[in-house]
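Asker:
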Amino acid sequence: MSIYKLSFKNLNRRKLRSALTMLGIIIGVTALVVLMGIGSGMTSYMKGQTESIMGDVTIMNSSAAAYMGSTGDSYLSKESVAKIKNMSQIYDIKEETQFTSTIDRMPIIVVGMSDWNQIKINGTPGVVISKSIVDQFGYKIGSNITIKDKKLTVTGITNEGGFGMGIIFLNTSQALPLNDDKVSSITASTKKDPEVVKKEIEAQVDDVSALTKSDFTKQIDDIMSGITLFVGAIASIALLVGVISIINIMLVNVSERTREIGVLKAIGFTNREILGSILMEAGLLGLIGAVIGLIIAALLLELGIIYLAPQLNMEGVTLVQMLPLWLVVGVIVGSAVLSVLAGLYPAWRASRLNVVEALRYE
Amino acid sequence: MNDTVLEFNQVWKTYKMGTEKVKALRGVDLIIKKGSFIAIMGPSGSGKSTLLHLAGILDTPTEGTVLMNGKNIKDYSGKEQAKQRRSNIGFIFQRFNLMPQLTVLENVMLPMISPDAEKAKILLDKVGLKDKYKRFQKQLSGGEQQRVAIARALANDPYILLADEPTGELDTQNTRLIMDLLKNLNENDGLTIVAVTHNPLAAEYAKELIKMQDGNII
Ligand SMILES: Nc1ncnc2c1ncn2[C@@H]1O[C@H](COP(=O)(O)OP(=O)(O)OP(=O)(O)O)[C@@H](O)[C@H]1O
Ligand SMILES: [Mg+2]
Chain S
1 MSIYKLSFKN
11 LNRRKLRSAL
21 TMLGIIIGVT
31 ALVVLMGIGS
41 GMTSYMKGQT
51 ESIMGDVTIM
61 NSSAAAYMGS
71 TGDSYLSKES
81 VAKIKNMSQI
91 YDIKEETQFT
101 STIDRMPIIV
111 VGMSDWNQIK
121 INGTPGVVIS
131 KSIVDQFGYK
141 IGSNITIKDK
151 KLTVTGITNE
161 GGFGMGIIFL
171 NTSQALPLND
181 DKVSSITAST
191 KKDPEVVKKE
201 IEAQVDDVSA
211 LTKSDFTKQI
221 DDIMSGITLF
231 VGAIASIALL
241 VGVISIINIM
251 LVNVSERTRE
261 IGVLKAIGFT
271 NREILGSILM
281 EAGLLGLIGA
291 VIGLIIAALL
301 LELGIIYLAP
311 QLNMEGVTLV
321 QMLPLWLVVG
331 VIVGSAVLSV
341 LAGLYPAWRA
351 SRLNVVEALR
361 YE
Chain C
1001 MNDTVLEFNQ
1011 VWKTYKMGTE
1021 KVKALRGVDL
1031 IIKKGSFIAI
1041 MGPSGSGKST
1051 LLHLAGILDT
1061 PTEGTVLMNG
1071 KNIKDYSGKE
1081 QAKQRRSNIG
1091 FIFQRFNLMP
1101 QLTVLENVML
1111 PMISPDAEKA
1121 KILLDKVGLK
1131 DKYKRFQKQL
1141 SGGEQQRVAI
1151 ARALANDPYI
1161 LLADEPTGEL
1171 DTQNTRLIMD
1181 LLKNLNENDG
1191 LTIVAVTHNP
1201 LAAEYAKELI
1211 KMQDGNII
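Protein sequences, first through last, are from chains S and C. In terms of this note's numbering, the first sequence opens at residue 1 and continues consecutively. In terms of this note's numbering, the second sequence opens at residue 1001 and continues consecutively.
1. Run through chain C and tell me which residues come within less than 9 angstroms of N271 (chain S), C-beta to C-beta.
2. Does the distance between the C-beta of E357 (chain S) and the nearest non-hydrogen atom of ligand 1 fall short of 7 angstroms?
3. Between the Cα of D1059 (chain C) and the Cα atoms of S:A298, S:G268, S:M314, S:W326, which residue gives the shortest distance?
4. For P1111 (chain C), return the contacting residues in chain S, with the cut-off set at a CB-CB distance below 7 angstroms.
5. With DSSP as the reference, please indicate the residues paired to N61 (chain S) in a beta bridge.
6. Do the CB positions of A342 (chain S) and I237 (chain S) come within less than 8 angstroms of each other?
7. Please name the residues in the stretch 1180-1203 of chain C whose beta-carbon is closer than 9 angstroms to at least one beta-carbon of chain D, in chain order.
8. Pull up the CB-CB distance for L1052 (chain C) and V1028 (chain C), whole angstroms please, since I reckon it's below 8 angstroms.
9. CB M42 (chain S) to CB M224 (chain S), shorter than 8 angstroms?
10. Residues of chain C with a CB under 9 angstroms from the CB of K9 (chain S): which are they?
11. Tell me V1196 (chain C)'s beta-bridge partners as DSSP assigns them.
12. For the alpha helix (DSSP H) containing S1046 (chain C), list its first residue and its last residue.
13. I'd like to know whether the C-beta of M1001 (chain C) is nearer than 8 angstroms to at least one C-beta of chain S.
14. Please determine whether the Cβ atom of S236 (chain S) lies at a distance below 7 angstroms from any heavy atom of ligand 2.
15. Measuring alpha carbon to alpha carbon, tell me which residue in S:T50, S:N117, S:V29, S:K85 is nearest V241 (chain S).
16. Identify the continuous alpha helix (DSSP H) that holds Y345 (chain S) and give its terminal residues.
17. Please tell me whether A1153 (chain C) and F1091 (chain C) are closer than 8 angstroms, where the distance is taken between their beta carbons.
18. According to DSSP, simplified to helix, strand and coil, what is K191 (chain S)?
19. Mapping DSSP to helix, strand and coil, what is N1009 (chain C)?
20. Under a three-way DSSP split, which group does G1090 (chain C) fall into?
21. Could you check what DSSP says for I306 (chain S) in three-state terms: helix, strand or coil?
22. Below 8 angstroms between beta carbons: does that hold for S277 (chain S) and S52 (chain S)?
23. Quick one: which chain C residues come within Cβ less than 7 angstroms of R259 (chain S)?
24. From F1008 (chain C) to G289 (chain S), what does the alpha carbon distance come to, in whole angstroms?
25. For T1197 (chain C), collect the residues of the same chain with a Cβ closer than 7 angstroms to its Cβ; drop the 5 residues on either side in sequence, then sort them by chain order.
26. Below 8 angstroms on the Cβ atoms is my contact criterion, and I expect A414 (chain S) with L35 (chain S) to pass it. Report the Cβ-Cβ distance as a whole number of Å.
27. Spatial neighbours of Y139 (chain S) within its chain, please: CB distance less than 8 angstroms, with the 5 preceding and 5 following residues excluded, ordered by chain position.
28. Going by C-alpha distance, which of S:M165, S:I141, S:G142, S:T50 is nearest I103 (chain S)?
29. Measure the alpha-carbon distance for S339 (chain S) versus L1110 (chain C) and round it to whole angstroms.
30. Using a Cβ-Cβ cutoff of less than 6 angstroms, which residues in the same chain neighbour Q1081 (chain C) once the five nearest sequence positions on both sides are dropped?
31. Please name the residue, chosen from C:D1189, C:Q1084, C:V1005, C:Q1137, that lies closest to N1107 (chain C) on a Cα-to-Cα basis.
32. At least one CB of chain C closer than 8 angstroms to the CB of K15 (chain S): is that the case?
33. Please report how far the alpha carbon of Q174 (chain S) lies from the alpha carbon of S214 (chain S), in whole angstroms.
34. Below 8 angstroms between beta carbons is the criterion; list the residues of the stretch 222-255 of chain S that meet it against any residue of chain C, in chain order.
35. Given that a residue counts as buried once 16 or more other Cβ atoms are within 10 Å of its Cβ, and exposed if not, what is T71 (chain S)?
36. Should L284 (chain S) be flagged as near chain C, meaning a C-beta pair shorter than 8 angstroms?
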């Protein structure tokens, strides 16, 4: 029977008190893990999507490249396009175009598609309109729409977002003439290492940037980790409140057990052992709280995957993506360590108790 | 000299209470020999518990020396004092001896340096608590609790047993039971015992009687 087993047993003595203290940790951990999990899940989902749909390199106007490949209304010059098309180190060259227009004065985005597999369509490829346009104008498959004086017949509908902004997907060959043959970007496969080809393209063609898959994923990482850290920091406040309540509760426990601690010392336990057992008890509160919080967070995230992900067009995002090992280990270790730290002051008080005075305490 | 377990030389113990000083012990001289069974009696506040605390290295004297097996207890570090208490000294208090979150058996095993459930059971059998291993403190009578405390005090085979009013809360029948137990331990196992008591009936079991008054032995 070691004194550390007492720490386990002590948690059971005041069940409600232990449970309420853990509740603080549980809420903090759940909030932290859910928010961080969403961030991490979105990051790996976006990276996965990017990698699956992108060519080896995407070439665009340098000014556009600065905004994470969103080309907006900046285009490659005619000379650049011609030069790029003539390069021998790339093949499978696809021109992409994208421009803004209006339908009945509502701004919309027209996107030229060279690969229809990128989006999920209800209907057939050709002229595909986004859900928001359907909602707005009541168009359906077979309806006629007019873009830049050109009449088109809707062939399909997609759920693909644009965050409320209407999008019309056309074949690139159809979209290019509508945009005066201006090319937003060119994607291509490379015959050599994409990183090498990227440098060659940027050296040979003026004012263009070539982005590889890893450039995109790195940008996604940068932006998402910033957001995730910020959200995580806010959620950490909840966890911190839980940890502080451990200081409080352990001080109460220590003072209630003054007499007991006196007996433990009288029968020969050292101050260090007393200190250790109190730290252990505090650490256990944090550890068990963190594990429970993590389980609840995982359940919530799984529910989110089942019920919310389809609506957000994020089907295929997995719990493993949302709960990477570093998050799980980090939260458990972090919570336990913080709780042990929270136990330091109460434990120190317990270890410094004068034996004789503690024994006189009733 | 070799059979002296404890030796008090002109021991003074002063407690500070704010600016006031309480002289709990005033120059106590005492020798406790191996195998003795001493009862300490005296009015409340005469310093009995204080003396016992010094004997058990729970505290150190303000002046004078307490030698345990010839060694000045002041020379022990805090950690060594704890180690001495754990392996060589057994304590029994008037009440609240046991850890309420532990079973009887676990309480006896708690201080064991090398945990040994069989030995704990033998000790519990010895104090007449066979079949109560799994009980908790609140499921025991006062007398049974004190018997568990005795078993626990013997867990590491100490060479001295110190008891502060071990029968203070017990009726006559239980007082006799506990004192019989202590007497047996002293006579059969040669255990040195010092017991503080208010009860003349309990004191009769001891081989020697020491009376205290105003911080000294009279
Ligand atoms: N920590 C302390 N601070 C101040 N005074 C103390 C302290 N401990 C004991 N005293 C005082 O020292 C004196 C002796 O106390 P002690 O507990 O040794 O008496 P006792 O003989 O055991 O009495 P009782 O029979 O009531 O248990 C008392 O006057 C007591 O008030
Ligand atoms: Mg006393």
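Glycine residues also receive a C-beta, built at the ideal position from the N, C-alpha and C atoms. This structure is a prediction, so every number in the text was calculated from the model and none was measured.
Answerer: On the basis of the data shown:
1. Here residue 271 (chain S) is taken as the residue at index 271 of the first sequence, counted from 1. Under the 9 angstroms cutoff, chain C gives G1078, K1079, A1082.
2. In the first sequence, residue 357 (chain S) corresponds to position 357, counting from 1. Within the cutoff, so yes.
3. Counting from 1 along the second sequence, the entry for residue 1059 (chain C) is found at position 59. Here the closest residue by C-alpha is S:G268.
4. Translated into positions along the second sequence, residue 1111 (chain C) becomes position 111. Correct list: I267, G268.
5. If you number the first sequence from 1, residue 61 (chain S) lands on position 61. N61 (chain S) pairs with S:V208.
6. The residue labelled residue 342 (chain S) in the question sits at position 342 within the first sequence. The residue labelled residue 237 (chain S) in the question sits at position 237 within the first sequence. No, Cβ-Cβ distance for A342 (chain S) and I237 (chain S) is not below 8 angstroms.
7. This model lacks chain D altogether, as its protein chains are S and C.
8. Counted from its first residue, the second sequence places residue 1052 (chain C) at position 52. Counted from its first residue, the second sequence places residue 1028 (chain C) at position 28. Not quite, the Cβ-Cβ distance comes to about 12 angstroms (not below 8 angstroms), so this is no contact.
9. Reading the first sequence from its first residue, position 42 is the one you call residue 42 (chain S). Reading the first sequence from its first residue, position 224 is the one you call residue 224 (chain S). In contact: M42 (chain S) and M224 (chain S) (Cβ atoms closer than 8 angstroms).
10. Along the first sequence, read from residue 1 onward, the residue named residue 9 (chain S) stands at position 9. What K9 (chain S) touches in chain C: M1099, Q1101, L1102, E1106.
11. Here residue 1196 (chain C) refers to the residue found at position 196 when the second sequence is read from its first residue. Paired residues: C:I1040, C:D1164.
12. Translated into the one-based positions of the second sequence, residue 1046 (chain C) becomes position 46. Run containing S1046 (chain C): none; DSSP gives neither H nor E here.
13. Reading the second sequence from its first residue, position 1 is the one you call residue 1001 (chain C). Any reading at M1001 (chain C) must be qualified, since the residue scores a pLDDT of 49, below 50, and its modelled position is unreliable; no value is offered.
14. Here residue 236 (chain S) is taken as the residue at index 236 of the first sequence, counted from 1. No, the beta carbon of S236 (chain S) sits no closer than 7 angstroms to any heavy atom of ligand 2.
15. If you number the first sequence from 1, residue 241 (chain S) lands on position 241. The shortest Cα separation from V241 (chain S) among S:T50, S:N117, S:V29, S:K85 belongs to S:V29.
16. By 1-based counting over the first sequence, the position of residue 345 (chain S) is 345. Note, Y345 (chain S): alpha helix (DSSP H), 325-352.
17. For the purposes of this step, residue 1153 (chain C) is taken as residue 153 along the second sequence, with counting starting at 1. For the purposes of this step, residue 1091 (chain C) is taken as residue 91 along the second sequence, with counting starting at 1. Contact: yes.
18. The residue given as residue 191 (chain S) occupies position 191 in the first sequence. Coil.
19. Here residue 1009 (chain C) refers to the residue found at position 9 of the second sequence. In the structure shown, N1009 (chain C) sits in a strand (DSSP, three-state: E or B).
20. For the purposes of this step, residue 1090 (chain C) is taken as residue 90 along the second sequence, with counting starting at 1. Looking at G1090 (chain C) - three-state DSSP - the assignment turns out to be strand.
21. Taking the first residue of the first sequence as position 1, residue 306 (chain S) is located at position 306. Helix, per DSSP.
22. Walking along the first sequence from the start, residue 277 (chain S) turns up at place 277. Walking along the first sequence from the start, residue 52 (chain S) turns up at place 52. Not a contact, by the Cβ cut-off of 8 angstroms.
23. Your numbering for residue 259 (chain S) matches position 259 in the first sequence. Result: F1096.
24. Here residue 1008 (chain C) corresponds to residue number 8 of the second sequence, with the count starting at 1. Here residue 289 (chain S) corresponds to residue number 289 of the first sequence, with the count starting at 1. So the two alpha carbons sit approximately 52 angstroms from each other.
25. Your numbering for residue 1197 (chain C) matches position 197 in the second sequence. Excluding positions up to five away in sequence, the list reads A1039, M1041, E1165, T1167, A1203.
26. Outside the displayed range of chain S (1 to 362) lies residue 414 (chain S), so it cannot be described from this structure.
27. Residue numbering aside, residue 139 (chain S) sits at position 139 when the first sequence is read from its first letter. Only I129, I133, I145, V154 meet the Cβ criterion.
28. Position 103 of the first sequence, counting from 1, holds the residue named residue 103 (chain S). Closest option to I103 (chain S), Cα to Cα, is S:M165.
29. Here residue 339 (chain S) refers to the residue found at position 339 of the first sequence. Here residue 1110 (chain C) refers to the residue found at position 110 of the second sequence. Cα to Cα, S339 (chain S) sits roughly 26 angstroms from L1110 (chain C).
30. Stepping through the second sequence from its first residue, residue 1081 (chain C) is reached at position 81. The answer, listed in chain order, is I1057.
31. Translated into the one-based positions of the second sequence, residue 1107 (chain C) becomes position 107. When each option's Cα is compared against that of N1107 (chain C), the closest is C:Q1137.
32. Position 15 of the first sequence, counting from 1, holds the residue named residue 15 (chain S). Not closer than 8 angstroms to any Cβ of chain C, the Cβ of K15 (chain S) fails to qualify, so no.
33. The residue you call residue 174 (chain S) lines up with position 174 of the first sequence. The residue you call residue 214 (chain S) lines up with position 214 of the first sequence. Taking the straight line joining both Cα atoms gives about 30 angstroms.
34. none
35. Here the question's residue 71 (chain S) lines up with position 71 in the first sequence. Any reading at T71 (chain S) needs caution, since the residue's pLDDT is 48, under 50, leaving its predicted position unreliable; the model's value is listed next. Counting Cβ neighbours within 10 Å, T71 (chain S) comes out buried, since at least 16 surround it.
36. Locating residue 284 (chain S) in the first sequence gives position 284, counting from the first residue. It does not: the Cβ of L284 (chain S) has no partner Cβ on chain C nearer than 8 angstroms.
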